[in-house]
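Peer 1:
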Amino acid sequence: MVKFTDIKGFVFDLDGVITDTSRYHAQAWGQLATKLGVDYPNLGDAVKGISRMDALEMILQKGGLENNYTATEKEALATEKNTNYVQLIQNMSAKDILPGMAAFLADLKREGYGIALASASKNAPTILAKIGLQDYFTKTVDPATLQHGKPDPEIFIKGAQLLDLMPAQCIGLEDAAAGIAGINAAGETSVGIGDPQLLHAAAINFTDTSQVTLANIQQAMNG
């Protein structure tokens, strides 16, 4: 078992850990669904955590429209959704930082820990700038360089490499089961934020971000 004193760096997922953009994704998909004439109750929950093209297919199938568009036209619809989303996140600010995370990042920086971002979102730099946390994340995995998505460990291994650390020296923070699987496969200590039943594979569980502190992590690791 890795000891807390072995830890030198932290590798963060973005969405659901540092901030929550799910409502902006839901709004952007909602705008597209309305344009397509598709009524989709609880759309936000349905598309959470799945790829852009998979989400589009779900909406088209809901409206019986899956065969009405060519692959090229579907790509254009997905791009339109992303354009809507990028416009919406321009309104983000420090109020969108999840509880406790600004203080936690400040503690990590003050104590000299390495900090890296491991998000598949191409909009991550924009979001970090909007919420005022970009200075903490000078080490960010470029999603364009990835061959595999989570639960593959690639993004977390690259996060450790950016910090010049071995995976065993890093803690990874995630709110999704696929992300926890990726952290564990990378050989890092996993911290799951959310429902402990869904994130049961995490080495450490917190029900929400306000519980994520160095002291609480140290206590969990040292028993």
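One point on numbering: in the UniProt record's numbering, the residue at position 115 of the sequence shown is 115, and numbering is uninterrupted. In this text, a Cβ means the ideal position worked out from N, Cα and C, and glycines have one as well.
(1) Whole angstroms are fine: how far does the CA of residue 109 sit from the CA of residue 138?
(2) I'd like the span of the alpha helix (DSSP H) that includes residue 79, first residue to last.
(3) Within the same chain, show all residues whose beta-carbon is closer than 6 Å to that of residue 47, passing over the 5 residues directly before and after it, in chain order.
(4) When the Cα of residue 94 is compared with those of 126, 77, 215, 58, which residue comes out closest?
(5) To the nearest angstrom, report how far apart residue 206 and residue 216 are at their CA atoms.
(6) Which residues in the same chain as residue 4 place their Cβ atom closer than 8 Å to its Cβ, once the five residues preceding and following it in sequence are excluded?
(7) Am I right that residue 36 and residue 50 are in contact with their C-beta atoms under 8 Å? What's the rounded C-beta distance?
(8) In angstroms with no decimal places, state the Cα-to-Cα distance between residue 143 and residue 157.
(9) Any idea what DSSP makes of residue 224, helix, strand or coil?
(10) For residue 179, which option in 11, 6, 1 has the closest C-alpha, if you only look at C-alpha atoms?
(11) When DSSP builds the beta bridges, which residues end up paired with residue 11?
(12) What are the residues that DSSP puts in a beta bridge with residue 126?
Peer 2: In short, the structure shows the following:
(1) Taking the sequence shown and counting its residues from 1, the one referred to as residue 138 is at position 138. Taking the sequence shown and counting its residues from 1, the one referred to as residue 109 is at position 109. In a straight line, the C-alpha of residue 138 is about 12 Å away from that of residue 109.
(2) As a first step, residue 79 must be located in the sequence shown, where it is residue number 79. 71 to 89 is the span of the alpha helix (DSSP H), which, as asked, contains residue 79.
(3) Here residue 47 is taken as the residue at index 47 of the sequence shown, counted from 1. Here the set comprises 29, 55.
(4) Counted from its first residue, the sequence shown places residue 94 at position 94. Out of 126, 77, 215, 58, the CA that lies nearest to the CA of residue 94 is found in 126.
(5) Working through the sequence shown from its first residue, we reach residue 206 at position 206. Working through the sequence shown from its first residue, we reach residue 216 at position 216. Residue 206 and residue 216 have their C-alpha atoms spaced approximately 9 Å apart.
(6) Here residue 4 refers to the residue found at position 4 when the sequence shown is read from its first residue. Excluding sequence positions up to five before and after residue 4, its CB lies within less than 8 Å of the CB of 217, 218, 221, 222, all in the same chain and listed in chain order.
(7) Along the sequence shown, read from residue 1 onward, the residue named residue 36 stands at position 36. Along the sequence shown, read from residue 1 onward, the residue named residue 50 stands at position 50. Not quite, the Cβ-Cβ distance comes to about 18 Å (not below 8 Å), so this is no contact.
(8) As a position in the sequence shown, residue 143 is number 143, starting the count at 1. As a position in the sequence shown, residue 157 is number 157, starting the count at 1. Cα to Cα, the separation comes out at about 13 Å.
(9) This structure leaves residue 224 out entirely; the chain is present only between 1 and 223.
(10) If you number the sequence shown from 1, residue 179 lands on position 179. A check of alpha carbon separations from residue 179 across 11, 6, 1 identifies 11 as the nearest.
(11) Numbered from its first residue, the sequence shown carries residue 11 at position 11. Answer is 116, 172, bridged to residue 11.
(12) For the purposes of this step, residue 126 is identified with residue 126 of the sequence shown, where counting begins at 1. BP columns for residue 126 are empty, so no partner.
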